[in-house]
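Colleague:
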Amino acid sequence: MGGVIMDFKSLQQLIKAVSESNLTSFEVEQDGLKIKMKKEIEDISSAVPKDKEPVKAFIYDSGEDSPFTSCNGLPADLIRLAGGVNIFKDGEKPWANVTWEEVVNRNPEYIIVMQYNAADNVEEKINFLKNNAALKDVDAIKNNNIFVLGLSDVVAGVRNSNTIKTMAEKFHPEAFKN
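Below, the structure written as C-alpha cells:
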C-alpha cells in the first residue's frame, strides 16, 4: 500500500489531518488514534521538568562540508514536546544546509543523527561528528550525547508520540527512571 508524505510543521496539524480524513489503514478509529496520540504526548510532556531550560538539540542529517539539518518543521515541534529546542528552529525552511561554525556557536547539548534506512551507515556519521575538530568543544560531543532516529520517526505519522518519548528519555533521563 502506498503512502502520502505531508509536510506538517506541528503535531497539532497532523492530529487535525487525521481527525478530518478518511484514512482507513489505521487499526483504530480516527478519534481513538487522535485521543491516544494526545494522551501519550500529554503524559510525556507532563513528565518533562518545567523548572529547567529546554535542552538544545541539533539534528544531523548529512553533509561533511556543510551539515544538512532540520529547522522549523515537524522535527522542531517533536523536540519541543520532548523538553528541548531545535538549535535551528529559526531557519526559514523546514530543512536546510547550515555551517559547522553555526553549530559550534549554538552549542547543542544533544545531537540526533538521522538514519534513512538500514543501509544508511550511521556509525560513519557518528564517527565523523566525534572526529570533526571543529566540534571538539560542543557539549554534545564532549558528553557523548548522540543518538539515532530513523527518518520515519520524524515525519508525520503514528510513530511521533514514540519519537517524543525517545527524545524526552534522552534529554531528561531523571524524569523517566521508572
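If you read the sequence shown in the working numbering, its first letter stands for residue -19, the second for the next number, and so on.
Yeah, the Cβ is synthetic: ideal placement off N, Cα and C, and Gly gets one too.
Owing to the predicted nature of the structure, the values given are computational and were not obtained by experimental measurement.
(1) I need the boundaries of the alpha helix (DSSP H) containing residue 38, first residue and last residue.
(2) Could you check which residue in 98, 99, 93 has the C-alpha nearest to that of residue 107?
(3) With C-beta atoms as the reference, is residue 41 less than 8 Å away from residue 49?
(4) Are residue 67 and residue 36 close, meaning C-beta to C-beta below 8 Å?
(5) Is it buried or exposed, residue 85, if we count other Cβ atoms within 10 angstroms and call 16 or more buried?
(6) So residue 83 packs on residue 47, CB below 8 Å; how close in whole Å?
(7) Is the segment 133 to 143 touching the segment 12 to 29 in the sense that three or more CB pairs, one from each, lie closer than 8 Å?
(8) Are the Cβ atoms of residue 119 and residue 89 separated by less than 8 Å?
(9) Mark residue 99 as exposed unless 16 or more other C-beta atoms lie within 10 angstroms of its C-beta, in which case mark it buried.
(10) Going by CA-CA distance only, name the one from 45, 28, 52 that's closest to residue 135.
(11) Which one or two residues does DSSP pair with residue 127 in a beta bridge?
(12) Looking at the structure shown, is residue 156 part of a helix, part of a strand, or coil, going by DSSP?
(13) Considering only C-alpha positions, which residue in the set 39, 64, 15 is nearest to residue 32?
Modeller: Reading from the atomic positions:
(1) Residue 38 -> not in any alpha helix (DSSP H); beta strand (DSSP E) instead, spanning 35 to 40.
(2) 93
(3) yes
(4) yes
(5) exposed
(6) Sure, about 6 Å apart at Cβ, within 8 Å.
(7) yes
(8) yes
(9) exposed
(10) 52
(11) 92
(12) Residue 156 falls in the helix class under three-state DSSP.
(13) 64
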